[in-house]
Amino acid sequence: MGRRGFFHVLLGMDQPNSESVDDDVSTGHHVNETCDRHEQNDTERQRDNDFLRSKTCDVDYGEPGDGATSQQHAQVCSEKETLSGKSSTKTRYVCTDCGYRTAYRSHLSRHLRKHTGEKQYKCDRCDYSATQKCNIDRHIMVKHTDEKPYICVECGYSTANKSNLTQHMIKHTGETPYMCIECDSGAVSKSHLSVHMRKHTGEKPYKCHLCEYTAAQKGHIDQHVMIKHTSEKPYMCKECIYKTAKKADLSRHMRKHIRERAYRCEKCDYTTAHKYQLDEHIMIRHTDI
Numbered sequence: 236m237g238r239r240g241f242f243h244v245l246l247g248m249d250q251p252n253s254e255s256v257d258d259d260v261s262t263g264h265h266v267n268e269t270c271d272r273h274e275q276n277d278t279e280r281q282r283d284n285d286f287l288r289s290k291t292c293d294v295d296y297g298e299p300g301d302g303a304t305s306q307q308h309a310q311v312c313s314e315k316e317t318l319s320g321k322s323s324t325k326t327r328y329v330c331t332d333c334g335y336r337t338a339y340r341s342h343l344s345r346h347l348r349k350h351t352g353e354k355q356y357k358c359d360r361c362d363y364s365a366t367q368k369c370n371i372d373r374h375i376m377v378k379h380t381d382e383k384p385y386i387c388v389e390c391g392y393s394t395a396n397k398s399n400l401t402q403h404m405i406k407h408t409g410e411t412p413y414m415c416i417e418c419d420s421g422a423v424s425k426s427h428l429s430v431h432m433r434k435h436t437g438e439k440p441y442k443c444h445l446c447e448y449t450a451a452q453k454g455h456i457d458q459h460v461m462i463k464h465t466s467e468k469p470y471m472c473k474e475c476i477y478k479t480a481k482k483a484d485l486s487r488h489m490r491k492h493i494r495e496r497a498y499r500c501e502k503c504d505y506t507t508a509h510k511y512q513l514d515e516h517i518m519i520r521h522t523d524i
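So this is what it looks like as C-alpha cells:
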C-alpha cells in the first residue's frame, strides 16, 4: 500500500479516488511521472512523520508500508486513550452504547458484537460460537486437543491458554495489579476484581432456576444446586467411604486421616494416631526378644 493509501487506512477513511488525486495535484502534491506515486513536500512529510508517532506512548508506529504493525499499535493506543479519557480526534468511530472509540471501522464492528450478541464464528466440532476467530482457535485447542504450549518455567504448569499462564505466574510473583477502590484488597485479574466488587455493591447476578437463591458467583449457584436440589456427592475420600457435595467438607474430613497418621514407623509403613501404639508396634515387630 502506498504512503497516501496507508494514511487513509490509519485514519479510518476510504482509499483516495481519482477526484482526490486531482485535488492532491491542485493543492500542491507532486506526481512522479515515472511511477505515478505521489510525492510530498517537506511540510507534509514532517506532518506525516509526526502522525506516525503515537501520541499516547511516544513510540514510532513504523514505516508506512508496515500497515499491520502500525494498525495494531494504533488500536492499543486508541484503547488506552479511551480508558484514560484522553480520546484522540483520530478515533473517529465511536460506540453509542458504551463510548468505546477506535480509528478503524472494522474494530468498531467487532466491538459492537459484544452488545448485539452476534457470534458469527462457529466451532465445527461442537455448538460453541464466538465473536472473533481467535476465540474459536483457542476454544479448539483447549477443548478438542491435548495441546498445552504455554508452560510455567517456575513449576512446570502448562495450559492451552496464554492468559491462564499469565494469571498463573502471578501466584509466583504475588502481584495483585488490580486494586479495589473501596478497600485495600487487590486482585490478580480484572474478572477477579469484578467478583470482589460485588461484596461492596451487594450485586448477586446469578439466580437458581429451582428456588429464590441468588449468588455473586456462578460457582456458588452450581454448588447450591448440587447440595440443595440433587443427591450428588462428587467429592470422595480415598481413605474411607466418606463422600460429600462440598469440596471444603472433604478437605476438613481429610485432616482427620492426617491426625490419625501422625506417628509413623521408621522401619515400615505402619502409622497411628497415638505414640504408645507406635512404641508397642516397634517392640512387637522390630525388636528381637
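This note's numbering puts the first residue of the sequence shown at 236, with every later residue one more than the last. Ideal placement from N, C-alpha and C gives every residue a C-beta, glycine not left out.
- Pairing T366 with S429, the inter-Cα distance amounts to about 22 Å.
- DSSP links A450 through a beta bridge to Y441.
- Of the residues assessed, R336 falls on the buried side of the cut-off, its CB having 16 or more other CB atoms within 10 angstroms.
- Here the alpha carbons of S393 and I386 stand approximately 4 Å from one another.
- By the 16-neighbour rule on beta-carbons within 10 angstroms, A497 is exposed.
- Inter-residue distance for A338 and Q452 is about 36 Å (C-alpha atoms, whole angstroms).
- The three-state secondary structure of T465, taken from DSSP, is coil.
- The alpha-carbon of T465 is positioned some 12 Å away from that of T479.
- Comparing C-alpha distances from C475 to each of H488, N399, P469 shows the shortest one belongs to H488.
- Below 8 Å, too few C-beta pairs join the region 443–452 and the region 419–427 to call them touching: fewer than three.
- Less than 7 Å divides the Cβ of S364 from the Cβ of K354.
- For the pair I456 and C443, the CB atoms are nearer than the 7 Å cut-off.
- In the DSSP annotation of this structure, the continuous segment of the alpha helix (DSSP H) that includes Y511 starts and ends at 510–520.
- Taking 7 Å as the cut-off, the beta carbon of Y328 is found closer than this to the beta carbon of L343.
- R336 has V329 as its beta-bridge partners, per DSSP.
- A straight line joining the alpha-carbon of Q402 with that of E410 spans about 10 Å.
- In terms of Cα proximity to H346, the closest of P469, C330, C361, D359 is C330.
- By alpha-carbon distance to C390, the top candidate from K397, H492, M404 is M404.
- DSSP places T366 in the coil class of the three-state scheme, outside both helix and strand.
- In this structure, the alpha-carbon of K502 lies about 38 Å from that of K468.
- Put simply, of D504, H407, R520, A395 the residue whose alpha carbon is nearest the alpha carbon of R373 is A395.
- Just so you know, the alpha carbons of P412 and T326 end up roughly 28 Å apart.
- The DSSP-derived three-state label of I386 is strand.
- Sixteen is the threshold: since fewer than 16 other Cβ atoms of the shown chains lie within 10 Å of the Cβ of V388, the residue is exposed.
- Bridge pairing for G421: M414 [DSSP].
- In this structure, S420 sits away from H407, with a CB-CB distance that is not shorter than 7 Å.
- Here A483 is actually not in contact with R494; their C-beta atoms are around 18 Å apart, not less than 8 Å.
- Per DSSP, N396 lies in no alpha helix (DSSP H) and is assigned neither H nor E.
- Per DSSP, reduced to three states, the secondary structure at K354 is coil, with no helix or strand assignment.
- Between the C-alpha atoms of V377 and K383 there is a straight-line separation of about 8 Å.
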